[in-house]
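Worksheet: one structure, shown below.
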Amino acid sequence: MIDSFALSQKEMDFLLGSLEKYEKCYDSKEKMLLLPVPANTSYHTRLRNVKAHPVFRSLVYGVALLDSRDASHRIRAVDILQRILGLQDQDPESDTYGIWSWYLEEPLEAMAPPDWNFADFCGTQILEALLNHESRLPEFLIPKMDEAILHAARSIQRRNVGPEYTNIAIMGSFVTLAAAERLQIEDLMGYAVGRFRTFYENTEYHGAFNEYNSPTYTYIALNEIERILRHIRHEETLRRARELYRHGWELVASHFHAPTQQWAGPHCRSYSEFLRPQTARFLERSMPGRFQSDLPQEEPTLDEHRHDHNCPPYLVESFLSLQEARTVRQVFRRGKPDIVGTTYLHPAFTLGSVNHGDMWNQRRALIAYWGNAVSPKYMRVRFMHDGYDFSAAQISSLQDEGRVASGITFAYDGGDTHVSLDMLEDGIVRAESLCLRFQFGGLKTALSELLNFDGNRWRFSDEHVHIESEMPVALWAGQSGYWQLGGEDEAEWLEFVLYEGRKRSFNMPTMGKSVIGFSLQFDTSDMAGSLPGGCVNVTDDSVNLSLSNQTVRIPQNAHSLEDIF
1 MIDSFALSQK EMDFLLGSLE KYEKCYDSKE KMLLLPVPAN TSYHTRLRNV
51 KAHPVFRSLV YGVALLDSRD ASHRIRAVDI LQRILGLQDQ DPESDTYGIW
101 SWYLEEPLEA MAPPDWNFAD FCGTQILEAL LNHESRLPEF LIPKMDEAIL
151 HAARSIQRRN VGPEYTNIAI MGSFVTLAAA ERLQIEDLMG YAVGRFRTFY
201 ENTEYHGAFN EYNSPTYTYI ALNEIERILR HIRHEETLRR ARELYRHGWE
251 LVASHFHAPT QQWAGPHCRS YSEFLRPQTA RFLERSMPGR FQSDLPQEEP
301 TLDEHRHDHN CPPYLVESFL SLQEARTVRQ VFRRGKPDIV GTTYLHPAFT
351 LGSVNHGDMW NQRRALIAYW GNAVSPKYMR VRFMHDGYDF SAAQISSLQD
401 EGRVASGITF AYDGGDTHVS LDMLEDGIVR AESLCLRFQF GGLKTALSEL
451 LNFDGNRWRF SDEHVHIESE MPVALWAGQS GYWQLGGEDE AEWLEFVLYE
501 GRKRSFNMPT MGKSVIGFSL QFDTSDMAGS LPGGCVNVTD DSVNLSLSNQ
551 TVRIPQNAHS LEDIF
């Protein structure tokens, strides 16, 4: 057991400042935080446009109060822990055994649906309180916390998430490992060790975490692996954790574009286009005195101070400079076909693409960055259905340095707003707007002033970076469309509108040719380059991509997911 927690003065000052921000949000009656439900929440909860008492965020707040080692904070932390422990479903016969609801106001049976990840998330925080602060907790509370941990661990064991769900695979391993070691439960220990071994072997086989090159989930994975290294004693597990930790850092370093301080694409999952301040702080704390972010400072989260990260010394230089252009080509997922990412890192820009993938909102299947660390810019390719990313759109790309040829087709059994939680029914999509979007961000000059059109070609110039594109084919239900400019908040875009009008139903299996083929080339003033011809060739039934002795055939009609790639 570790019962100590030391923070530097700077970390303590940050923590106390963060805690102060939540002071006015604490509800002493309910002994939980009272916060607005995020406006963009779309899964699990039906609550909208209200304030509510969040279970997990209240728990994180309570553990952070303990981290401050302040006596008055300790009293509040104990109150919060007692409150949260009482909200867990502890009935082994229940379908939601071992988990918590998201909000006090919305019990498990009212959720849409319950979130089984909360056994992992809440279990981890309760363990942090126990393993770091047990001697400062009242004796009566310890058995209740141990009981909650056991229920969470058994729930995790019952659910038995596979190794493909990276953050939950690791987090659940930590909860079950820590519970088994702490409570000395032999069968749980066997399960936990085997679970983490399976995750390790799966990552070793494929060569990457399932959420490949994800600025969000690679960071989370490193946090969870570090938590195992900090708390778990099982030597075989620690050896594997150390190797996974090194592997994670190698992935980050190989895809980091030092001139812009951006995490180059492609990204399996990301919640923003630009690197988040939290991720930048993680890099700074991992390379003290070496890496310095130029991003605006934001208030640290309530738990990031707990992680003791160290970038392997042999990788540090990758975050500081890029002396010459290089290409990173990596198999992210073995299968039929393999999922392969290509990232071109040039001192002036970076361009990344994945050979096959969907166009869900969290994907960055084709994304580029340029500019500098103070003023980075980006271009991202999206396909929009009624103003939101259409997950049924499937993209294939071939890339050679700064050139890429891409084709987009559609899966009639794919997802709409989500790849698995919002599936199309009977191949029908109802739409009032469908378009291909080239989205730009960080521009200092209006997009309209940086673009030139010539038929199905457009050219964009910004500073020393030039983008040229050609789109020989763009069809939806056999019809072509038109270009238009748009924008919202800090983003601007060039769209090719394939349908806009009254909401109507499209029967995707029978609606006729629906396909897009385009090529892009990035170049700079010191690179002789023009858009190569023949990258995208259109036949009667397909669009054929060809680049650097690689070819890909894209069907012109919608197909099932299993038949597209």
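For what it's worth, the UniProt record's numbering labels the leading residue of the sequence shown as 1, then goes sequentially. In this text, a Cβ means the ideal position worked out from N, Cα and C, and glycines have one as well. Model, not experiment: these values are computed from the prediction.
TODO: Compute the distance between the beta-carbons of Ala221 and Gly248, then report whether it is under 7 Å.
DONE: yes
- [ ] My understanding is that Ala192 touches Ala152, with C-beta atoms under 8 Å, so please give their C-beta distance in whole angstroms.
- [x] Not quite, the Cβ-Cβ distance comes to about 12 Å (not below 8 Å), so this is no contact.
- [ ] Spell out whether any CB of chain C is found under 7 Å from the CB atom of Gly512.
- [x] Here there is only one protein chain, and chain C is not present.
Open item on the list: Assuming the contact rule is C-beta atoms closer than 8 Å, Phe349 and Ala373 should be a hit. Round their C-beta distance to whole Å, please.
Closed with: About 13 Å separates the Cβ atoms of Phe349 and Ala373, ruling out a contact at the 8 Å cut-off.
Task: Endpoints, the alpha helix (DSSP H) within which Lys144 is located - done: Start and end: 141 to 159.
- [ ] Determine the DSSP secondary structure at Pro472, reduced to helix, strand or coil.
- [x] strand
Open item on the list: Under 8 Å: do the region 78 to 90 and the region 51 to 59 share three or more Cβ pairs, one atom per stretch?
Closed with: yes
Task: From Trp476, Ala477, Gly478, Val497, residue whose alpha carbon lies closest to that of Gly486 - done: Val497
TODO: Could you have a look at Met171 and say whether DSSP puts it in helix, strand or coil?
DONE: helix
Open item on the list: Cutting at 7 Å between CB atoms, please list the residues of its own chain near Tyr219, excluding the five before and the five after it.
Closed with: Around Tyr219: Thr279, Phe282.
TODO: Could you tell me which residues DSSP pairs with Ser448 in its beta bridges?
DONE: DSSP output for Ser448 lists no bridge partner at all.
Open item on the list: Let me make sure I understand the geometry here. Which of Leu108, Ser68, Gly123 has the alpha-carbon closest to that of residue 566?
Closed with: The chain is shown from 1 up to 565; residue 566 falls before or after that span and cannot be answered.
Open item on the list: Buried or exposed for residue 570, going by 16 or more other Cβ atoms inside 10 Å?
Closed with: The chain is shown from 1 up to 565; residue 570 falls before or after that span and cannot be answered.
Task: Cβ shell of Asp27 (< 6 Å), same chain only, five flanking positions each side left out - done: Leu34
Task: Whether Ser353 touches Ser396 by CB criterion (7 Å) - done: no
Task: DSSP beta-bridge partners of Gly455 - done: Gly455 pairs with nothing; no bridge assigned.
TODO: Check the C-beta distance from Thr409 over to His559 and give it rounded, since I have them as a contact under 8 Å.
DONE: 7 Å
- [ ] Report the three-state DSSP secondary structure of residue 566 (helix, strand or coil).
- [x] Coverage of the chain is limited to positions 1 through 565, which leaves residue 566 absent and any answer about it impossible.
Task: 8 Å contact criterion, which Gly427 and Asp416 should meet: CB distance rounded - done: Contact doesn't hold; Cβ gap of about 12 Å is too wide.
- [ ] Determine the DSSP secondary structure at Leu19, reduced to helix, strand or coil.
- [x] helix
Open item on the list: What does the Cβ neighbour count give for Met359, buried or exposed, with the cut at 16 atoms within 10 Å?
Closed with: buried
Open item on the list: Let me confirm a value: residue 567 is counted as buried when at least 16 other C-beta atoms fall within 10 Å, else exposed. Which label applies?
Closed with: Shown here, the chain extends from 1 to 565; a query on residue 567 therefore has no answer.
Task: Residues near Tyr482 by beta carbon distance below 8 Å, same chain, minus five either side - done: Phe496, Val497
Open item on the list: Taking a contact to mean a Cβ-Cβ separation below 7 Å, would you say His307 touches Glu226 in this structure?
Closed with: yes
Task: Segment limits, alpha helix (DSSP H) that includes Tyr219 - done: From DSSP, the alpha helix (DSSP H) with Tyr219 extends over 217 to 231.
Task: Coil, strand or helix - Asp400 by DSSP - done: Collapsing the DSSP output to three states places Asp400 in a strand.
- [ ] Spell out the partners DSSP gives Arg333 in its beta bridges.
- [x] Ile339
TODO: Under 7 Å Cβ to Cβ from Arg326, same chain only, skipping five residues before and after it: list those, please.
DONE: In chain order, Leu345 place their CB closer than 7 Å to the CB of Arg326, counting only its own chain and leaving out the 5 sequence neighbours on each side.
TODO: Might you give, ordered along the chain, the residues of its own chain that have their beta carbon closer than 6 Å to the beta carbon of Arg447, omitting 5 neighbours on each side?
DONE: For the sequence presented, residue 447 should be read as Leu rather than Arg. For Leu447, where only same-chain residues beyond five positions count, the Cβ hits under 6 Å are Phe440, Glu492.
Task: Reference Gln157, options Gly123, Phe140, His133, Ile142, closest by Cα - done: Sorting Gly123, Phe140, His133, Ile142 by C-alpha distance to the C-alpha of Gln157 places Gly123 at the top.
TODO: Determine, using beta-carbon pairs with one atom in the region 545 to 565 and one in the region 511 to 521, whether at least three such pairs fall under 8 Å.
DONE: Judged by Cβ distances under 8 Å, the region 545 to 565 makes contact with the region 511 to 521, as three or more pairs qualify.
TODO: Would you check if there are 3 or more beta carbon pairs closer than 8 Å linking the region 260 to 273 to the region 198 to 215?
DONE: As far as the Cβ criterion goes, the region 260 to 273 touches the region 198 to 215, which means the pair count is three or higher.
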